[in-house]
């Protein structure tokens, strides 16, 4: 997988590039819209991470030019503007997804992966260690024992297992599991309590702990010790 | 000519009008004298002389007198102009002199002074807001800096990792603070119109209960919804949810374990009223007036330890007022608190 990052802030661009390398993605950085557009015309990429505010031609112009050319390469728009109108404008201009700065790298990685696998159907039954989650019947087993979960707990677990081994932030959970559209609505303690409940139900009495907390970032589901 | 005339000062123009009307009166009386014939015995044929010398002379006299009279009458305006010229954002506490509060100029000065007072208040609020906001942002920055500087000297990877984690937590906190500040700042413009819909109040209350019931259960508290199933209210669901989530979380946070929190909806004079009631320690009357202000905290030390920046109730007030409603507090120390949200009457929507 080869990605193009069009971002004028060197620190941000380099951090994204390095982070994506850790996720197994090769990426190229363009510092201006012109340079990015040139690269898009001369090379092929699986996905573009595009900053809205760029010197010269801004991200939206690049995006429109790209779409006018008929390109269907997925574009993830990065921006510091998060008013609803901006969001709508960004998506109408042809962006496939939209991420507000400052963002957690975990969320960027998750969105990139989700854009890249949009076409591949996902299996309806997922497994990690001795935990089995059936996304269709909404049943969960740990070591062969059926576990009772509330609907919200199941949604939370389903989200975590779709991002298996990847950190999910509270912001991602608020937006995707709780469907909260307003970022100012306080949900942190609600999320924390649900994670604690889920952890109690899944991990208590088992040697292998599956739900882990990454301090300052969020939570992830994985077999302890595995990467 | 017209624009040249309009560029002259008011006293010159008044003097001009005065002289012109003086001249017109003289011409009219001369014409009247000519017609009636009473001039003959006095002036003989010297009427031309009178016209040639007397008229311009008296007109000039009128103009000069007019200029001085107008200047005197307009002196307070000149003083106001001078005073206003010296006003700036820094000297908003100055006021225009009100010579006579009953005449038009006095009234003008009073109105202007009123506007100045409002401006001064707005500037003071803004300054205080900026000072509070920087203080709140500086707190996590200070923590991050301290943690970072100590971590630099550290070799143990586990401690280093912990330091980075703690810094990320502070960044998250700052981020949330900025989100909330932005929300309030954007709201001040009032440029985003709110679309009110008729919605079921009970449904909104039940959703808030559903989201928070697990948090309350952690503290062995109970949340009850008391509301008629068919009660309709005029609201925008996201804004109402924002307000109620803040109010209900406050109730949970400040009430001891084992207590009840009630979300009650009722109809008062054609409008829906929502009350968030707790059995907490209550809030002393001296705080009621300021409690909805940004960054105001009743118990400064404790609220900070909880991670609150004192913006929750300011956001509640903001979102309720965006929907055309009001919010008020009824509380007594030792008897719990009731936050009452009055929505707009349903008709006309």
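Protein chains in written order, with our numbering: chain A, 1 to 227; chain B, 228 to 576. The C-beta atom is built at its ideal place from N, Cα and C for all residues, glycine as well.
The beta carbon of residue 541 of chain B sits closer than 7 Å to the beta carbons of 411, 519, 520, 521 from its chain, once the five residues preceding and following it are set aside; these are given in chain order. For residue 383 of chain B, not one C-beta of chain A is nearer than 8 Å to its own C-beta.
In the displayed model, residue 232 of chain B falls within a helix according to three-state DSSP.
For residue 545 of chain B, the three-state secondary structure derived from DSSP is helix.
Put simply, the backbone Cα of residue 480 of chain B is about 25 Å away from that of residue 394 of chain B.
For the stretch 451 to 484 of chain B, the continuous alpha helix (DSSP H) assignments of 4+ residues that do not extend past its boundaries occur at 464 to 481, in sequence order.
Here residue 180 of chain A carries a coil assignment [DSSP, helix/strand/coil].
Within 10 angstroms of the beta-carbon of residue 52 of chain A lie 16 or more other beta-carbons, which makes it buried. When C-alpha distances from residue 307 of chain B are compared across B/294, B/284, B/389, B/334, the shortest belongs to B/334.
Setting aside the 5 residues that flank it on each side, residue 553 of chain B is surrounded in the same chain by 569, each with a C-beta closer than 6 Å to its C-beta; the list follows chain order.
Below the 8 Å Cβ cutoff, chain B contributes 472, 473, 476, 539 as neighbours of residue 186 of chain A, in chain order. Between residue 59 of chain A and residue 50 of chain A, the gap from beta carbon to beta carbon is short of 8 Å. The Cβ-Cβ distance between residue 314 of chain B and residue 425 of chain B does not fall below 8 Å.
Inter-segment contact for the stretch 181 to 188 of chain A and the stretch 203 to 219 of chain A is absent: fewer than three beta-carbon pairs are separated by less than 8 Å. For the set B/358, B/396, B/363, the Cα lying nearest the Cα of residue 374 of chain B is the one of B/396. Taking C-beta separations shorter than 7 Å and ignoring five residues to either side along the sequence, the partners of residue 57 of chain A in its chain run 33, 34, following chain order.
Classified as exposed, residue 232 of chain B has fewer than 16 neighbouring CB atoms from the shown chains inside 10 Å of its CB. Under the DSSP assignment, residue 64 of chain A falls outside any beta strand (DSSP E), being part of the alpha helix (DSSP H) whose first and last residues are 59 to 68.
For the stretch 61 to 85 of chain A, the residues whose beta carbon sits under 9 Å from a beta carbon of chain B are, in order, 82, 83, 84, 85. Closer than 8 Å to the CB of residue 554 of chain B there is not a single CB belonging to chain A. For residue 394 of chain B, the chain A residues whose Cβ falls inside 8 Å of its Cβ are 216, in order along the chain. Annotation for residue 98 of chain A: the continuous beta strand (DSSP E) segment containing it runs 97 to 100. By the beta-carbon neighbour count (other beta carbons within 10 angstroms, threshold 16), residue 110 of chain A is buried.
The beta carbon of residue 465 of chain B falls within 8 Å of a beta carbon belonging to chain A, placing the residue at that interface. Contact annotation: in the stretch 428 to 452 of chain B, residues whose CB is within less than 7 Å of a CB in chain A are 438, 439, 441, 442, 445. Between the beta-carbon of residue 116 of chain A and that of residue 126 of chain A there is about 18 Å, and that puts the pair past the 8 Å contact cut. For residue 89 of chain A, there are no C-beta contacts with chain B under 8 Å, since the nearest C-beta of that chain is about 14 Å from it. Proximity of the stretch 188 to 195 of chain A to the stretch 437 to 445 of chain B meets the contact definition, three or more beta-carbon pairs being nearer than 8 Å. Taking a Cβ-Cβ threshold of 8 Å, the residues of chain B close to residue 189 of chain A are 442, 476, in chain order.
Residues of the same chain with a CB within less than 6 Å of the CB of residue 26 of chain A, apart from the 5 flanking positions on each side, are 2 in chain order. Residue 160 of chain A sits in a helix when the DSSP states are folded into three classes. Taking the CA atoms as reference points, residue 164 of chain A sits about 19 Å from residue 197 of chain A. Out of B/241, B/402, B/543, the CA that lies nearest to the CA of residue 217 of chain A is found in B/402. Residue contact check for residue 151 of chain A against chain B: no CB pair falls below 8 Å.
Using a CB distance below 9 Å, the part of the stretch 167 to 185 of chain A facing chain B consists of 169, 170, 171, 178, 180, 181, 182, 183, 184, 185, ordered along the chain. Distance from the Cα of residue 324 of chain B is smallest, within the candidate group B/486, B/398, B/340, B/312, for B/340.
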